[in-house]
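Below is one structure, written out as structure tokens; comments come after it.
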Amino acid sequence: MRPTLAAAALAGASGLVGWGGARALARRIERNPDPFPRERLLAEPQGERVAITRPDGAVLHALVAGRGTPVILVHGYCASLTEWNFVWDELLARGLRVIAFDQRGHGRSTLGAEGIGSEPMADDLAAVLQHFDIRDGVLVGHSMGGFVSIRALLDHGALAQRLRAVVLFATWAGRVLDGAPQNRLQIPLLERGILQRLLRSRTIAVLFGAAQCGARPSPAMISVFLEWFHQHLDRHGPHLPIVRAFSREDRYPRLAEISVPAVVMVGDPRIAPPRPATRTGWPPESRVPGWSPCPARDTC
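Below, the structure is given as structure tokens:
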């Protein structure tokens with residue numbers, strides 16, 4: 064269903080299901096059950112607020128709570144640390160120290176003179192780990208957060224000494240357009256400002272949001288995603304350098320340089336490009352003991 068949703072959202076009346084079918088599909092999606100209320104999805108995690116000022120003037124908004132093994136959460140594009148609210152509560156309940164921050168230009172963090180790109184964002188992540196004096200921590204990166212985490216580990220070799228493990232999910236090391244039909248549609252449209260105009264249509268907005276929210280999209284989750292996306296509409300121009308970096312940069316050949324034990328989780332290959340996702344560059348003997356490769360959708 065997801066490629067149909069994405070195609071309908073991005074192609075409108077000429078989409079695979081046609082305009083009438085697209086409207087009907089959007090109405091059906093809006094009748095899907097909501098496992099969690101919208102207010103719960105938007106609830107910001109609770110903890111101590113910390114401001115980290117970077118050399119270029121960017122101020123990063125961070126949050127920390129709990130004790131124990133530190134877990135550092137790095138969110139995705141157009142999101143904020145609120146993305147982690149359910150995970151945050153679960154990790155705290157397990158007795159861990161949890162740290163998250165809004166990446167520059169996202170949430171409450173400012174842009175800074177260097178703007179948004181993989182290099183300054185990777186430097187930001189390294190600075191966050193240093194600020195909190197992370198030792199024996201677990202770094203978790205989602206989507207853009209994983210992309211930034213990979214660069215940080217490669218650019219700042221000393222980070223490996225601060226980490227016991229890395230978790231990367233629904234992410235990439237570059238070349239994100241390769242073999243990914245949804246990205247090949249939406250990223251060029253985003254760069255040209257066309258996607259932003261298309262989303263003024265309620266039908267297209269619902270279908271686009273649904274394409275980002277799994278096989279059984281929740282109306283509340285779609286609403287929250289669209290709210291985040293629309294909050295960043297005026298910022299998509301300054302954000303374009305990182306969007307372009309997703310496709311133009313390629314760190315797959317260097318992944319074997321990462322010495323920290325890593326767990327990589329992927330789901331539907333229609334969004335995450337299947338060939339780069341499997342051509343990781345890690346040594347062929349890289350395995351998680353007792354586990355075998357398995358798509359995330361098969362374990363949900």
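For the sequence shown, the numbering used here begins at 64 and goes up steadily by one.
Every residue gets a Cβ at the ideal spot worked out from N, C-alpha and C, and that includes glycine.
These figures come from a predicted structure and were not determined experimentally.
- What separation, rounded to the nearest whole angstrom, lies between the Cα atoms of Arg91 and Leu289? Here the C-alpha atom of Arg91 lies approximately 18 angstroms from the C-alpha atom of Leu289.
- Item | Inter-residue Cα distance where the pair is Leu253 and Gly168 | Going from the Cα of Leu253 to the Cα of Gly168 covers about 17 angstroms.
- Message: Rounded to whole angstroms, what is the Cα-Cα separation between His124 and Arg171?
- Response: Straight-line Cα distance between these residues: approximately 6 angstroms.
- Got a sec, what are the start and stop residues for the alpha helix (DSSP H) His295 sits in? Run containing His295: none; DSSP gives neither H nor E here.
- Quick one: using the 10 Å Cβ neighbour count with 16 as the cut-off for buried, is Pro280 buried or exposed? Label assigned to Pro280: buried.
- Do you know how far the Cα of Gly139 is from the Cα of Ser206? CA-CA distance, Ser206 to Gly139, rounds to 5 angstroms.
- Message: Looking only at its chain, what residues have a beta carbon closer than 7 angstroms to the beta carbon of Ser310, apart from the 5 residues adjacent to it on each side?
- Response: Its chain contains Arg238, Val239, Leu240 and Ile250 as the residues whose beta carbon lies nearer than 7 angstroms to that of Ser310, once the 5 sequence neighbours on both sides are disregarded; these appear in chain order.
- Where does Phe195 fall in DSSP's three states? Of the three classes helix, strand and coil, the one that applies to Phe195 here is coil, per DSSP.
- Under 7 angstroms between C-beta atoms of Ser181 and Asp165: The Cβ atoms of Ser181 and Asp165 do not sit closer than 7 angstroms to each other.
- May I ask you to list the residues that DSSP assigns as paired with Leu222? Per DSSP, none; premise fails for Leu222.
- Mind reading off the beta-carbon distance from Ala228 to Val269? Whole number of angstroms is fine, and I expect it under 8 angstroms. That pair is no contact at about 38 angstroms.
- Residue range of the alpha helix (DSSP H) that includes Arg101: For Arg101, the enclosing alpha helix (DSSP H) starts and ends at Arg101 to Leu105.
- Task: Grab me the residues of Ala190's own chain with a C-beta within less than 7 angstroms of its C-beta, minus the 5 sequence neighbours each way, in chain order.
- Result: Ile115 and Arg117, listed in sequence order.
- Query: Grouping DSSP H, G and I as helix and E and B as strand, with all else coil, what is His169?
  - Reply: If DSSP states are grouped into helix, strand and coil, His169 belongs with coil.
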